[in-house]
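Student: Below are the structure tokens for one structure; questions will follow.
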Amino acid sequence: MADPTPLTQATNAPAGPLAPAQTGAWLTFGLDRVEWLQGTLLGNPVWQYVASLLYIVLAFYAAKLVDCFFRTQLRKATSRTQTQTDDLLLELARGPVKIITFVILMHIGLRVFAWPEWAAVFISKGLKLVVACSITYVALKAVDLAMGLWERRITEAERGVLDMQLLPVICKTIKAFVIMVAVLVTFQNLGVNVTGLLASLSIGGLAVGLAAQDTLSNLFGAVALFTDRPFRVGDRVQFDQVEGTVESIGMRSTRIRNLEGYLVAVPNRTMANACITNISRRPNIKTTLNLGLTYDTPADKVERALAILDEIFKPHPRTADLVITFNKFKDSSLNVLVEHWWAGTDFREYAREFQQLNLELKRRFDAAGIEFAFPTQTVHVKGQVGESAKPPK
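Under this note's numbering, the first residue of the sequence shown carries the number 78, and numbering increases by one thereafter.
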């Protein structure tokens, strides 16, 4: 007679592929008392197969119930926030929560039902593989979500930092790394010796790395330029022997239009390691003038020259700061130093406006009778012409 209790510690069924172990237990659901299920299949009662299938169905719906409860609670929490990020994360977690819950229940079933060793090992590894695939799926979707949020937060000005075609490359690189780590961890959990696999990958990676060393260096250089942002497209930069305007930043090289009009392609690894001066990022344009006045200029005219300079430069709306001083007695002139800071970085506007300031300066100096000095040298000759030098006594 069959055990009347729902949970039987052991069965008297003949040994077979699904024969329970002595320490196992069968959750019968009362099916062991159904007469027409007492037949055998592959050496085991039919009711044991039906009970196992029923447990799987119940585990599936229990997983859906847990997933529904989880989403309901999270939806209440996310409804209090204004950001859309948590809503996207909620949608991302829908499938994995259900799968992981189902896998946990199936692992519990492995302990409740006395599966044969070969079947238990097969099912356990299969469940581990399902969990690994689920977690990897979540990680890949999280990468897509993060890259999407990053791209949406990039302003129009920041889009000039780098070609937007590099974003998919970065995304695929991160995904490849995630998949590689997931495969290695999964193999290790399945009992596969990953040491030999890692050694093979290391040798292959070394060969590929040596073959594509320059390409990878330029790619990582592009990523470094993108994250560090030392310049944008349209900025005027100077480094080493190159000076010009940045036209584009690609995956392999940065293209700069130099002052002669030539297009210079600089490898990204060179740009990433170079000491770059971003001329466009200066807050203003500094100009230093050294005006030489003739030595016969009287002191009152020197003072008048200082006053004229102050009257010309100081009222200008683009003057951010100004220093005017009579600072040196040079070899051939009285030097007046003018240091002017132009508020703005538009070089064309600066050149046009500063030209007008220089013209006004020349007119005012001419009207005041103030002369600029030429580089001159006075030579004093001792003795008369034709007189021979007398030898020393």
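Just so you know, even glycine gets a beta-carbon here, dropped at the ideal spot from N, CA and C. Owing to the predicted nature of the structure, the values given are computational and were not obtained by experimental measurement.
1. Here's the rule I'm using: 16 or more other beta-carbon atoms within 10 Å means buried, otherwise exposed. How should residue 405 be labelled?
2. Between residue 330 and residue 371, which are expected to be in contact by the criterion C-beta below 8 Å, what is the C-beta distance as a whole number of angstroms?
3. Where does residue 336 sit, in a helix, a strand or coil, going by DSSP?
4. Note down, in chain order, each residue of its chain lying with its Cβ closer than 6 Å to the Cβ of residue 147, except the 5 sequence neighbours on either side.
5. Count the other CB atoms within 10 Å of the CB of residue 213; is the residue buried (16 or more) or exposed (fewer)?
6. Of the residues 407, 388, 459, which one's Cα is nearest the Cα of residue 451?
7. Could you please give the first and the last residue of the uninterrupted alpha helix (DSSP H) stretch that includes residue 459?
8. Taking the alpha-carbon positions, what's the residue 397 to residue 443 distance?
9. Per DSSP, what are the beta-bridge partners of residue 418 in this structure?
10. In the DSSP assignment, the beta strand (DSSP E) including residue 313 goes from what residue to what residue?
11. Contact defined as beta carbons within less than 8 Å: I believe residue 132 pairs with residue 186. What is the distance between those atoms, to the nearest angstrom?
12. Please list the terminal residues of the continuous beta strand (DSSP E) segment that includes residue 323.
13. For residue 246, which residues from the same chain have a beta carbon less than 6 Å from its beta carbon, with the 5 sequence-adjacent residues on both sides left out?
14. What's the C-alpha gap between residue 356 and residue 314?
15. State the DSSP-derived secondary structure class of residue 308, mapped to helix, strand or coil.
16. Mind checking which residues open and close the alpha helix (DSSP H) that includes residue 377?
17. Please check the pair residue 391 and residue 383, which I expect to be a contact at CB under 8 Å, by giving their CB distance rounded to whole angstroms.
18. Roughly how many whole angstroms lie between the Cα atoms of residue 221 and residue 248?
19. Can you name the start and end residues of the alpha helix (DSSP H) that residue 267 belongs to?
20. With a threshold of 16 other CB atoms inside 10 Å of the CB of residue 198, please say whether the residue is buried or exposed.
21. Taking the DSSP output, what are the residues bridged to residue 413?
22. From the DSSP secondary-structure annotation, give me the bridge partner or partners of residue 331.
23. Residue 365: buried (16+ other C-beta within 10 angstroms of its C-beta) or exposed?
24. Indicate the three-state DSSP secondary structure (helix, strand or coil) for residue 507 in the structure shown.
25. My assumption, with CB atoms under 8 Å, is that residue 449 sits in contact with residue 327. Please give the rounded CB distance.
26. Closest to residue 267 by CA distance: which of 200, 223, 256, 291 is it?
27. For residue 389, collect the residues of the same chain with a Cβ closer than 8 Å to its Cβ; drop the 5 residues on either side in sequence, then sort them by chain order.
28. Please name the residue, chosen from 394, 194, 134, that lies closest to residue 180 on a Cα-to-Cα basis.
29. Grab me the residues of residue 344's own chain with a C-beta within less than 6 Å of its C-beta, minus the 5 sequence neighbours each way, in chain order.
30. Enumerate in chain order the residues of its own chain whose CB-to-CB distance from residue 259 is below 8 Å, with the five nearest sequence positions on each side excluded.
31. Helix, strand or coil: which one does DSSP assign to residue 261?
32. Can you give the beta carbon distance from residue 317 to residue 358, rounded, assuming they're within the 8 Å contact cut?
33. Using the beta-carbon count (16 or more within 10 Å), is residue 254 buried or exposed?
34. Should residue 386 go down as buried or exposed, given a rule of 16 or more other Cβ atoms within 10 Å for buried?
Tutor: For this structure:
1. The sequence position of residue 405 within the sequence shown is 328, counting from 1. Around the CB of residue 405, fewer than 16 other CB atoms lie within 10 Å, so the residue is classed as exposed.
2. As a working note, residue 330 is residue 253 in the sequence shown. As a working note, residue 371 is residue 294 in the sequence shown. Wrong, their Cβ atoms sit about 54 Å apart, outside the cutoff.
3. Your numbering for residue 336 matches position 259 in the sequence shown. Note: residue 336 maps to coil in three-state DSSP.
4. Position 70 of the sequence shown holds residue 147. Within the same chain, and ignoring the five residues on either side of residue 147 in sequence, the residues whose Cβ sits closer than 6 Å to its Cβ are 174.
5. Working through the sequence shown from its first residue, we reach residue 213 at position 136. Buried, by the Cβ-count rule.
6. As a working note, residue 451 is residue 374 in the sequence shown. Of 407, 388, 459, the residue nearest in Cα terms is 407.
7. Numbered from 1 along the sequence shown, position 382 holds the residue referred to as residue 459. Per DSSP, residue 459 belongs to no alpha helix (DSSP H) and is neither H nor E.
8. What you label residue 397 is simply residue 320 of the sequence shown in a count that begins at 1. What you label residue 443 is simply residue 366 of the sequence shown in a count that begins at 1. Taking the straight line joining both Cα atoms gives about 27 Å.
9. For the purposes of this step, residue 418 is taken as the residue at position 341 of the sequence shown. Listed as beta-bridge partners of residue 418 by DSSP are 363, 398.
10. Your numbering for residue 313 matches position 236 in the sequence shown. Run containing residue 313: 313-316, per the beta strand (DSSP E) assignment.
11. Numbered from 1 along the sequence shown, position 55 holds the residue referred to as residue 132. Numbered from 1 along the sequence shown, position 109 holds the residue referred to as residue 186. So it is a contact: roughly 5 Å between Cβ atoms.
12. On the sequence shown, position 246 is the one that residue 323 refers to. Counting along the chain, the unbroken beta strand (DSSP E) around residue 323 starts and ends at 319-326.
13. Working through the sequence shown from its first residue, we reach residue 246 at position 169. Exclusion of the five residues before and after residue 246 leaves no residue of its chain whose Cβ lies closer than 6 Å to its Cβ.
14. Within the sequence shown, residue 356 is the residue found at index 279, counting from 1. Within the sequence shown, residue 314 is the residue found at index 237, counting from 1. Rounded to the nearest whole angstrom, the C-alpha separation of residue 356 and residue 314 is 5 Å.
15. Along the sequence shown, read from residue 1 onward, the residue named residue 308 stands at position 231. Correct three-state label for residue 308: coil.
16. By 1-based counting over the sequence shown, the position of residue 377 is 300. Where residue 377 is concerned, the enclosing alpha helix (DSSP H) stretches over 376-390.
17. Numbered from its first residue, the sequence shown carries residue 391 at position 314. Numbered from its first residue, the sequence shown carries residue 383 at position 306. Between residue 383 and residue 391 the Cβ distance is about 11 Å, and since that is not below 8 Å, they are no contact.
18. For this step, residue 221 is matched to residue 144 along the sequence shown. For this step, residue 248 is matched to residue 171 along the sequence shown. One alpha carbon belongs to residue 221, the other to residue 248, and they sit about 7 Å apart.
19. Numbered from 1 along the sequence shown, position 190 holds the residue referred to as residue 267. Run containing residue 267: none; DSSP gives neither H nor E here.
20. For the purposes of this step, residue 198 is taken as the residue at position 121 of the sequence shown. It counts as exposed.
21. Position 336 of the sequence shown, counted from the start, is the residue given in the question as residue 413. 368, 403.
22. One-based indexing of the sequence shown puts residue 331 at position 254. Residue pairing by DSSP places residue 331 opposite 326, 343 in a beta bridge.
23. Numbered from 1 along the sequence shown, position 288 holds the residue referred to as residue 365. Around the beta carbon of residue 365, fewer than 16 other beta carbons sit within 10 angstroms, so the residue counts as exposed.
24. Missing from the structure shown is residue 507; the chain here goes from 78 to 470 and no further.
25. Numbered from 1 along the sequence shown, position 372 holds the residue referred to as residue 449. Numbered from 1 along the sequence shown, position 250 holds the residue referred to as residue 327. Between residue 327 and residue 449 the Cβ distance is about 50 Å, and since that is not below 8 Å, they are no contact.
26. Residue 267 sits at position 190 when you count from the first residue of the sequence shown. The alpha carbon of residue 267 has as its nearest neighbour, out of 200, 223, 256, 291, the alpha carbon of 200.
27. Mapped onto the sequence shown, residue 389 falls at position 312. Only 434, 437, 438, 441 meet the Cβ criterion.
28. By one-based count along the sequence shown, residue 180 stands at place 103. Nearest option by C-alpha distance: 134.
29. Along the sequence shown, one-based indexing puts residue 344 at 267. Closer than 6 Å at the Cβ level, and outside the excluded window around residue 344, lie 295, 330.
30. On the sequence shown, position 182 is the one that residue 259 refers to. Around residue 259: 209, 212, 213, 216.
31. Start at 1 with the first residue of the sequence shown, and residue 261 comes out as number 184. In the structure shown, residue 261 sits in a helix (DSSP, three-state: H, G or I).
32. Along the sequence shown, read from residue 1 onward, the residue named residue 317 stands at position 240. Along the sequence shown, read from residue 1 onward, the residue named residue 358 stands at position 281. The Cβ separation is near 18 Å, so there is no contact.
33. For the purposes of this step, residue 254 is taken as the residue at position 177 of the sequence shown. Burial call: exposed.
34. Here residue 386 is taken as the residue at index 309 of the sequence shown, counted from 1. Counting Cβ neighbours within 10 Å, residue 386 comes out buried, since at least 16 surround it.
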